[in-house]
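Residue numbers (my numbering), protein chains in the order written: chain A, -19 to 481; chain B, 1411 to 1657.
For every residue, glycine included, the Cβ atom is placed at its ideal position computed from N, Cα and C.
All values reported here derive from a predicted model rather than from experimental measurement.
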Amino acid sequence: MISFIPSDFKVLVQEETCIKCRRCVRECSFEALSFDQRVLADHSRCVACHRCVAICPTGAITVVKNPLAFRENANWNEELIKNVYRQARVGGKLLTGTGNDKPYPIYWDHLLIDAAQVTNPSIDPLREPMELRTYLGSKPARLDFYYDGTGGFKLTTVLEPQIKLETPIIFAGMSYGAVSLNVHKALAEAARRAGTLMNSGEGGLHDSLYPYGENIVVQVASGRFGINRAYLERAAAVEIKIGQGAKPGIGGHLPGEKVTEEISRTRMIPQGTDALSPAPHHDIYSIEDLRQLIYAIKEAVRYQKPVGVKISAVHNVAAIASGVVRAGADFITIDGFRGGTGATPTIIRDHVGIPIELALAAVDDRLRQEGIRHQASLIASGSIRSSADVLKAIALGADAVAIGTAALIALGCQMCQKCYTGRCAWGITTQRPDLVDRVDPEEGAERLYNLLRAWSLEIKEILGALGLNSIESLRGSRERLRAVGLTDTEMAILGVKPAGR
Amino acid sequence: MALVKHDARGLSFRELNEKLHRLVAEGVDTIDLVNVNGQRYIGTGLARQVRLNIYGTPGSDLGAFMDGPEIYVHGSGQDAIGNTMNSGTIIINGDAGNVLGLSMRGGKIFVRGNVGYRVGIHIKAYGENLPKIIVGGVAGDFFGEYMAGGRMILLGLDRAPGQPVVGDFVGTGMHGGTIYIRGEVEEHQLGKEVGLMELTAEDEDILAEDLAEFASIYNLSLEEIMKGPFVKLVPLSHRPYGQLYVY
């Protein structure tokens, strides 16, 4: 039988300008290009990562969408048809990388931010102090002071461990294995420079990152990779990973070919074996069990560090988050369904979970109603794309946000969604030494730092416009948001009024 | 410093462990914990080669994240004993609960009696670290689930006639390490990722060495235990889930 799947893209090489230097052939990690007197393209292998386009010294290469269109069909679109072809050939689950690319509503884009006019003054952040400092950790319900009778006061409340952030943006958990060591190094260095945090993800922590411990959250996930006392002790905080927005409820398999010598050492598993993360933690089947693990970790770190829990945004997220807080979590990371991934079945990525905006608002509401909002910090993630998204998340109730995809884009990611192949031409989601070298940790750190700086400047600008001089003042202040194009129910969940009211 | 007695009666786990950590930090080498009654996390996160003698029933997560100590329980244990432990030894005189040795990466756990479900789940070996679990009695379902390395031995001693040595789904998802079981294991009890093998001479040597330690701890006859018969379970693949995807 003839088996024909039209290629997604076409690589066009302009004969007149090509100088036959073959750099494109060497750079194409997907082996779409070869050379035989001229550059030849196997279009079926092209993923539109644009590495060849970027590297070509004469600008001779263009990548275009394959114009071979199927007959127009709003129901059976091109992707669905091709997926059926592929699955009929192989009989397996479709894999993908990065976040959900389907046109679901993006609530950030239906929320608008207020500004001060006449009746309250705006503030110029260039000339007045503007505070972005954020503390993550459980806050006390009340503060007690001792007054010594001569004018001296002393705080007598014992505070739970806190982490100081200079900006309310941290890096999301991405494991060494999913991303390269150079990416981890760049994230760690940028976090240190910016006074914020990176998150090890679930693949352990390479020993070269130990000096950055004060700026690293380490994860304890179901695979328990690379977790020993040193790992817990080096970190600023520990996060129990229950779920990930791109793949709620499922585990993960780092394929054996990605388990190189360094990764095997860091994860503490044999080289070449699959690193399996089971779907659940098998010591956690209930909120009570979660409490048991939270306190096992608190005991192990002698109550010196915050212990948090990362969950995916799912239907019942508010009740789950309430349980997580009551289980003793010092912070909760909620990852929305548009969050990124190195590898996940497409069917899960595209159809499971709920948007972070609704989940965040629902959780913040629920925790307030129950009077336990202060007991844990809320970190929102799952597609924070700009400083505006950061601000809107904080106004909806987040203490901070975590960025993963945005950070990788800062390092050059072109969103080709082929992370799971291990061939990333930009050196980000690969372990092939020749490709890994394409990310320079120093330069990468600079770009990541720049991104954090730029967003922080923009946040200050907007805070000034709002007439606020501290991010604290915006936290949970939904009155400063208005909705456009949302239903009454959506606005009720978000706790915002329509624009004009 | 020699032996210190630490009375756990009426103490919360936090009070008990606070004092325990203080004693260890002060340099005490042997600690007798008496009147232990369900307190969790005893020995959790301890990283010095101390000896804890526990009299009573310690609670769950005994020796979690532990790195080095030797814990001797004169009684039974609860769930998640040796959770993610790195090195050291845990000896249980009685029975133990579920998910014993979850994700442990090194060290040894010995149980004289029976154990619950999902024992040895996802234990893994790396380099010099080779976790070992030896159970004298019988085990529940999912023994050695997701096992990625190390060694588990199940002896089935003191069984009632007809009582199975192990439950169902043995070694489901196993992709590394070895399980030895003394007694009959039917094909239908196995997870689909493991194969049943005959013992080699090398296996006999490994068993003789490991079981000599077990027998001496519990004062049992090694000769009697070694009579077997033993079966050996190994993973059919180090990549059990490699063929499920379309790239």
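Under 9 Å, CB to CB, which of the residues in the region 1532 to 1559 of chain B have a partner in chain A?
1532, 1534, 1535, 1536, 1537, 1539, 1552, 1555, 1556, 1558 and 1559
Subject >> residue 1430 of chain B versus residue 1563 of chain B - alpha carbon distance >> reply: 31 Å
**Item:** Selection of the region 1557 to 1585 of chain B by Cβ proximity to chain A, strictly under 9 Å
**Value:** When CB distances to chain A are screened at a threshold of 9 Å, the residues of the region 1557 to 1585 of chain B falling below it are 1558, 1559, 1583 and 1585, in chain order.
Any C-beta of chain B under 8 Å from that of residue 282 of chain A: yes
So which of A:21, A:479 and A:458 has the shortest CA-CA distance to residue 464 of chain A?
-> A:479
So, does the region 447 to 467 of chain A touch the region 93 to 105 of chain A, judging by three or more C-beta pairs under 8 Å? yes
(request) Classify residue 371 of chain A as helix, strand or coil using the three-state DSSP reduction. (result) helix
Put residue 422 of chain A into one of helix, strand or coil per three-state DSSP. Note: residue 422 of chain A maps to helix in three-state DSSP.
key: Which listed residue (A:312, A:368, A:373 and A:402) has its alpha carbon closest to that of residue 455 of chain A   = A check of alpha carbon separations from residue 455 of chain A across A:312, A:368, A:373 and A:402 identifies A:373 as the nearest.
In angstroms, rounded to a whole number, what distance separates the CA positions of residue 128 of chain A and residue 135 of chain A? 11 Å
| field | the region 292 to 305 of chain A touching the region 343 to 351 of chain A, judged by at least three CB pairs closer than 8 Å | value | At 8 Å Cβ cutoff, the stretches touch.
* Asked: Which one or two residues does DSSP pair with residue 127 of chain A in a beta bridge?
  -> A:133
Return the chain-ordered list of same chain residues with a C-beta closer than 6 Å to the C-beta of residue 31 of chain A, the five sequence neighbours on each side being excluded. 7 and 405
Rounded distance between the beta-carbons of residue 69 of chain A and residue -17 of chain A, thought under 8 Å: 6 Å
Could you tell me whether the region 168 to 177 of chain A touches the region 200 to 208 of chain A, where touching means 3 or more Cβ pairs closer than 8 Å? No: the two stretches stay apart, fewer than three of their Cβ pairs being nearer than 8 Å.
| Does the Cβ-Cβ distance between residue 156 of chain A and residue 183 of chain A come in under 8 Å? | yes
Can you give the Cα-Cα distance for residue 152 of chain A and residue 383 of chain A, rounded to whole angstroms? 5 Å
query = Got a sec: is the Cβ-Cβ distance from residue 260 of chain A to anything in chain B below 8 Å?
reply = no
*asked:* Can you pull out the residues from the region 58 to 86 of chain A whose beta carbon lies closer than 7 Å to at least one beta carbon of chain B?
replied: 66, 67, 70, 72, 73, 74 and 75
Cutoff 7 Å; reference residue 329 of chain A; Cβ partners in own chain excluding five residues on either side: In its chain, beyond the 5 residues on either side, 76, 80, 226, 227 and 321 have a beta carbon closer than 7 Å to the beta carbon of residue 329 of chain A.
Note to self: Does residue 106 of chain A come out as helix, strand or coil in the three-state DSSP assignment?
What the structure shows: coil
Quick check on DSSP: helix, strand or coil for residue 338 of chain A? helix
How many Å lie between residue 398 of chain A and residue 28 of chain A at the Cα? Going from the Cα of residue 398 of chain A to the Cα of residue 28 of chain A covers about 10 Å.
Check: Taking 8 Å as the CB-CB limit, is residue 275 of chain A close to chain B?
Finding: yes
Beta-carbon gap between residue 308 of chain A and residue 333 of chain A smaller than 8 Å
no
(Q) Quick check on residue 1459 of chain B: buried or exposed, where buried means 16 or more other Cβ atoms within 10 Å of its Cβ? (A) Label assigned to residue 1459 of chain B: exposed.
Exercise. To which residues of the same chain is residue 1526 of chain B closer than 6 Å at the C-beta, ignoring the five residues directly before and after it?
Worked result: 1507, 1508 and 1550
**Prompt:** What is the DSSP secondary structure of residue 1574 of chain B, reduced to helix, strand or coil?
**Reply:** coil
- Query: Where does the unbroken beta strand (DSSP E) through residue 279 of chain A begin, and where does it stop?
  - Reply: Per DSSP, residue 279 of chain A lies in no beta strand (DSSP E); the unbroken alpha helix (DSSP H) holding it starts and ends at 267 to 280.
Checklist entry - residue 75 of chain A bridges to which residues according to DSSP? => result Under DSSP, the beta-bridge partners assigned to residue 75 of chain A are A:325.
Exercise for review: Grab me the residues of residue 253 of chain A's own chain with a C-beta within less than 7 Å of its C-beta, minus the 5 sequence neighbours each way, in chain order.
Suggested key: 236 and 239
*asked:* Going by DSSP in three states, residue 1354 of chain B sits in which element: helix, strand or coil?
replied: Outside the shown range of chain B, which is 1411 to 1657, sits residue 1354 of chain B, and nothing can be said about it.
Could you check whether the Cβ of residue 1450 of chain B sits closer than 8 Å to any Cβ belonging to chain A?
yes
>> My assumption, with CB atoms under 8 Å, is that residue 1485 of chain B sits in contact with residue 1510 of chain B. Please give the rounded CB distance.
In response: At roughly 15 Å, the Cβ-Cβ gap does not stay under 8 Å, so residue 1485 of chain B and residue 1510 of chain B are not in contact.
Note to self: In the DSSP output, what is residue 199 of chain A paired with across the bridge?
What the structure shows: A:219
Item checked: Beta carbon proximity, residue 279 of chain A to chain B, threshold 8 Å -> By this cut-off, residue 279 of chain A is an interface position.
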